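A.B. asks: Going line by line, the protein sequences match chains A and B. Each number in my numbering comes from the position in the first sequence (counting from 1) with 7 added on. Each number in my numbering comes from the position in the second sequence (counting from 1) with 842 added on. Yeah, the Cβ is synthetic: ideal placement off N, Cα and C, and Gly gets one too. As the structure is a computational prediction, the values presented were derived from the model and not from experiment.
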Amino acid sequence: MATTKLGFLVQRPPYKSENPKLALTHAIASQSVEVYLEDDDLVTADIAFIGDGILNCLKDQKAQDIYDLSSTETHIKMSLLLDLNVLVCKEDLEKFGLSESDIVIDAEEFGADVEVKVVPYDEINKMMEEMDHLLFF
Amino acid sequence: MGKLTIGCFASLVGSMNLDFSIKLAGAALEKGHKVDLWVSGNGTMLSINDQRPFKDYSSLEKPLKELMAKGLNVTACEACAEARGYHENNTIEGFKRHSMDWYLASTFDADRVLHIGGE
């Protein structure tokens, strides 16, 4: 049994490009990767929002109403439902004058058990060091 | 020899990232490495058949086919392609189409993963 750990670093703002949503959809795809692997082999995905990327985590996004598109907020909630480790950089959040109350923290309505963790950059750095490969979006 | 997985999300025209990815894939194959190339988002434009070459725009169908003949394993995100109207009947022969988990599976035994994002 072997595990490959992938770190998805989202540093671009939402809706300006497709990148943040592709980061989330690819990370979510870690849940079905087994079909390509030997028994017990795994690929895991951790997600961290840094820099302008933390704007993807804002609550009450209206993408569905305005663009008829699923929001990055919904994708983050889906990641929580799938027990993915989702980190948000505390310093970058504060840089925008935001706090935990402004962003998605849980997905109780989806039945998710895990929550978004707002952490200092040092902890995101530690997560990055634990990964086998890093993917920047 | 090692295995290199390249993920490229940039468009064929409007960015040079796919050009770079193809050059890099070619260099790695020349050195005897195995190369998987995943294109997603606007990168799926690379999969379209019958691209007409112009001197002012990137044109990668010919070098891509040469690399595929040398063993390049290239796959497009099926959902990203379909969303753009790039259907299977208009895809370069041998260019695979799978869901996003294919890319993650390719990273499993890759010695290096180079993720080259979109524009």
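Could you tell me whether the Cβ of A/Leu-76 comes closer than 8 Å to any Cβ of chain B?
C.D. replies: It does not: the Cβ of A/Leu-76 has no partner Cβ on chain B nearer than 8 Å.
A.B. asks: At a Cβ threshold of 8 Å, is A/Asp-198 touching chain B?
C.D. replies: In the structure displayed, chain A extends from 8 to 144; residue 198 of chain A sits before or after that span and is not available.
A.B. asks: For the region 53-77 of chain A, which residues have a beta carbon sitting closer than 8 Å to at least one beta carbon of chain B?
C.D. replies: Listed by position along the chain: nothing, the set is empty.
A.B. asks: Would A/Glu-80 be called buried (16 or more neighbouring beta carbons within 10 Å of its own) or exposed?
C.D. replies: Buried is the call here.
A.B. asks: How would you call A/Asn-26, buried or exposed, if buried means at least 16 neighbouring beta carbons within 10 angstroms?
C.D. replies: Buried.
A.B. asks: So, helix, strand or coil for A/Asn-92, using DSSP?
C.D. replies: Strand, per DSSP.
A.B. asks: Alpha carbon to alpha carbon, what distance is there between B/Glu-872 and B/Val-881?
C.D. replies: When rounded, the distance between both Cα atoms is 21 Å.
A.B. asks: DSSP beta-bridge partners for A/Leu-56?
C.D. replies: The amino acid occupying residue 56 of chain A in the given sequence is Phe; Leu does not appear at that position. Looking at the DSSP assignment, A/Phe-56 forms a beta bridge with A/Val-17, A/Val-95.
A.B. asks: Assuming B/Phe-950 is part of the alpha helix (DSSP H), what are its boundary residues?
C.D. replies: Segment 943-950, the alpha helix (DSSP H) holding B/Phe-950.
A.B. asks: According to DSSP, simplified to helix, strand and coil, what is A/Leu-142?
C.D. replies: It is a strand residue.
A.B. asks: A/Ala-70 lies in the alpha helix (DSSP H); which residues open and close that run?
C.D. replies: Per DSSP, A/Ala-70 belongs to the alpha helix (DSSP H) from 70-74.
A.B. asks: Taking Cβ-Cβ distances shorter than 7 Å, what residues in chain A pair up with B/Leu-879?
C.D. replies: Neighbours of B/Leu-879 on chain A: none; closest Cβ ~15 Å, over 7 Å.
A.B. asks: Output yes if chain A places a C-beta closer than 8 Å to the C-beta of B/Glu-920; else output no.
C.D. replies: Output row for B/Glu-920: interface = no.
A.B. asks: For the region 937-956 of chain B, which residues have a CB atom closer than 7 Å to at least one CB atom of chain A, in sequence order?
C.D. replies: Here the close residues are Ser-941, Met-942, Asp-943, Trp-944, Tyr-945, Leu-946, Ala-947, Thr-949, Phe-950, Val-955.
A.B. asks: Using only the alpha-carbon positions, how far apart do B/Leu-946 and B/Leu-909 sit?
C.D. replies: Cα to Cα, the separation comes out at about 22 Å.
A.B. asks: Looking only at its chain, what residues have a beta carbon closer than 6 Å to the beta carbon of A/Lys-223, apart from the 5 residues adjacent to it on each side?
C.D. replies: Any property of residue 223 of chain A remains undetermined from this structure, which presents chain A solely from 8 to 144.
A.B. asks: Is it true that the CB of A/Ala-52 sits closer than 8 Å to the CB of A/Ala-34?
C.D. replies: Taking 8 Å as the Cβ cut-off, A/Ala-34 and A/Ala-52 qualify as a contacting pair.
A.B. asks: Using alpha carbons as the reference points, say which of A/Met-135, A/Leu-16, A/Asp-129, A/Ile-112 lies closest to A/Asp-67.
C.D. replies: Comparing Cα positions, the closest option is A/Ile-112.
A.B. asks: Give a yes or no on contact between the region 10-17 of chain A and the region 915-924 of chain B, applying the rule of three or more CB pairs nearer than 8 Å.
C.D. replies: Output reads no: the region 915-924 of chain B does not touch the region 10-17 of chain A.
A.B. asks: Less than 8 Å separating the beta-carbons of A/Phe-143 and A/Gln-18?
C.D. replies: Against a cut-off of 8 Å, the Cβ pair of A/Gln-18 and A/Phe-143 comes out as a contact.
A.B. asks: Within this structure, are the beta carbons of A/Leu-31 and A/Ser-78 separated by less than 8 Å?
C.D. replies: Against a cut-off of 8 Å, the Cβ pair of A/Ser-78 and A/Leu-31 comes out as no contact.
A.B. asks: Looking at the unbroken alpha helix (DSSP H) that takes in A/Lys-133, where does it start and where does it end?
C.D. replies: 128-137 is the extent of the alpha helix (DSSP H) around A/Lys-133.
A.B. asks: In whole angstroms, what separates the C-alpha of B/Ser-941 from that of A/Glu-101?
C.D. replies: Distance between the alpha carbons of B/Ser-941 and A/Glu-101 is about 37 Å.
A.B. asks: Shorter than 8 Å from the beta carbon of B/Phe-862 to some beta carbon of chain A?
C.D. replies: Not one chain A Cβ lies under 8 Å of B/Phe-862.
A.B. asks: Verify whether the separation of the beta carbon atoms of B/His-875 and B/Gly-849 is less than 8 Å.
C.D. replies: Taking 8 Å as the Cβ cut-off, B/His-875 and B/Gly-849 do not qualify as a contacting pair.
A.B. asks: My output table needs one value for B/Asp-878: the three-state DSSP class, helix, strand or coil.
C.D. replies: Of the three classes helix, strand and coil, the one that applies to B/Asp-878 here is strand, per DSSP.
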